[in-house]
Every structure is written in structure tokens, then in C-alpha cells.
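The structure appears right after this line, and notes come after that.
Residue numbers (full-length UniProt numbering): 1 to 162.
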């Protein structure tokens with residue numbers, strides 16, 4: 001499993017730890033399952049979308065850098081939902097992320113035992129940030145990536161790094 005996922009589009013070049021992105025998507029899945037699904041595929045290599053939807057993968061190789069799945073409607077909807085639903089939900093949390101799920105070990109167990117597309121979410125290490133402000137900052141970065149992708153009408157490039 002990669003430790004970091006790198007996202008590049010034009011002048012934006014950012015990294016997220018796989019564990020942290022999995023935690024964020026797991027949280028979003030509890031709020032809005034459809035949004036979490038869309039975000040997962042918009043931030044994942046195109047091959048993942050094709051495999052999940054039983055589409056031809058042609059000569060795509062998951063080990064190479066490649067474009068993320070691109071759907072302008074899903075991007076627009078995701079940007080709006082991040083701003084209007086997910087960030088406000090995080091801001092209203094009374095507990096930190098660990099406490100919300102009954103402690104770190106419980107959170108790790110729940111994230112690591114997903115089904116459908118979420119079986120790809122995982123926490124491999126013994127720590128993810130617990131404070132909601134950290135995840136709000138991640139969402140702001142994700143929103144910027146998606147907006148740039150939409151503005152340029154081009155997908156984000158995804159790389160896995162150790």
C-alpha cells in the first residue's frame with residue numbers, strides 16, 4: 001500500500017497520506033454515501049473506476065501515474081457538497097474524530113472493514129490526526145484540486161508514493 005498519494009494539476013502539487021484520506025472518506029461516507037463514492041473515484045486512478053464499474057481497462061497499468069476519474073458533473077456536485085455539507089458538519093462536531101468512533105482502534109477497525117468501493121479504504125499505521133481542523137484543511141485542498149480540474153476541464157494526475 002502506498003504511504004502517500006500525490007495529486008498534480010497545473011501549478012498545484014499536493015500529497016495526502018493514504019491513511020488520512022481513508023479516514024476523511026470514511027467520515028464523509030457516514031454523512032453522504034454518494035458524495036464519498038464520487039470523491040473516492042475523483043481522487044483515485046481511472047483504473048479503479050473502470051474496475052469497479054466493470055469497464056474495459058485497456059492497457060492501463062495501476063503501477064503508473066495516471067489521470068484520476070473525470071466527470072465534470074460529479075466534480076461540481078462534490079465542490080458544492082464539500083462547502084455546504086461536509087465542512088459545516090466537521091465544524092459542528094463536538095468530539096474529535098477518534099472520540100466520534102469510540103477511539104483510534106475502533107476507528108481503524110471500522111475503516112479497514114469496509115465493503116463495496118470502501119474496501120479500498122484503510123489505516124495501516126497506528127496514528128491518524130484526531131482533530132477535525134486537520135480534515136477541514138484537507139477538504140479545502142481537495143476542493144482547490146477539484147476546482148482547478150473543472151476550470152481546466154482536465155483530470156488530476158494521481159501517483160502513489162512510498
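Even for Gly, the Cβ is constructed at its ideal location relative to N, Cα and C.
Own chain partners of residue i with C-beta closer than 8 Å, once the 5 adjacent residues on each side are dropped
i	result
residue 2	With a pLDDT of 49 at residue 2, under the threshold of 50, the modelled position of this residue cannot be trusted, and the question is left open.
residue 144	12
residue 32	81, 85, 86
residue 118	25, 26, 29, 36, 40
residue 104	98, 126, 127, 128, 130
residue 152	9, 10
residue 66	45, 46, 47, 60, 157, 158
residue 132	90, 91, 93, 96, 97
Whole-Å CB distance - residue i paired with residue j, under 8 Å assumed
i	j	result
residue 13	residue 42	Contact doesn't hold; Cβ gap of about 17 Å is too wide.
residue 150	residue 76	7 Å
residue 157	residue 38	No, residue 157 and residue 38 are not in contact; Cβ-Cβ is about 19 Å, not under 8 Å.
residue 90	residue 135	6 Å
residue 93	residue 68	Going by Cβ atoms, the distance from residue 93 to residue 68 rounds to 28 Å, so no, they are not a contact pair.
Start-to-end residues for the alpha helix (DSSP H) that takes in residue i
i	result
residue 108	104-112
residue 132	132-152
residue 74	72-81
residue 100	97-100
residue 87	87-91
Beta-bridge pairing of residue i - partner residues as DSSP gives them
i	result
residue 23	None; residue 23 has no bridge partner.
residue 37	Per DSSP, none; premise fails for residue 37.
residue 14	7
residue 45	68
Cβ neighbours of residue i in the same chain (closer than 6 Å, five flanking residues each side left out)
i	result
residue 15	4, 6
residue 141	14
residue 100	none
residue 70	155
Chain-order list of residues whose beta-carbon lies under 7 Å from that of residue i (same chain, five-residue window excluded)
i	result
residue 130	96, 97, 98
residue 121	22, 25, 26, 111, 114
residue 148	9, 10, 12
residue 146	42, 75, 78, 79
Limits of the unbroken beta strand (DSSP E) element including residue i
i	result
residue 160	157-161
- Check whether the segment 100-112 touches the segment 77-92, taking contact to mean three or more Cβ pairs, one atom from each stretch, closer than 8 Å. The segment 100-112 is not in contact with the segment 77-92.
- Task: State whether the segment 125-134 contacts the segment 8-22, with contact taken as three or more CB pairs (one from each stretch) at a distance under 8 Å.
- Result: Three or more pairs of CB atoms, one per stretch, sit closer than 8 Å, so the segment 125-134 contacts the segment 8-22.
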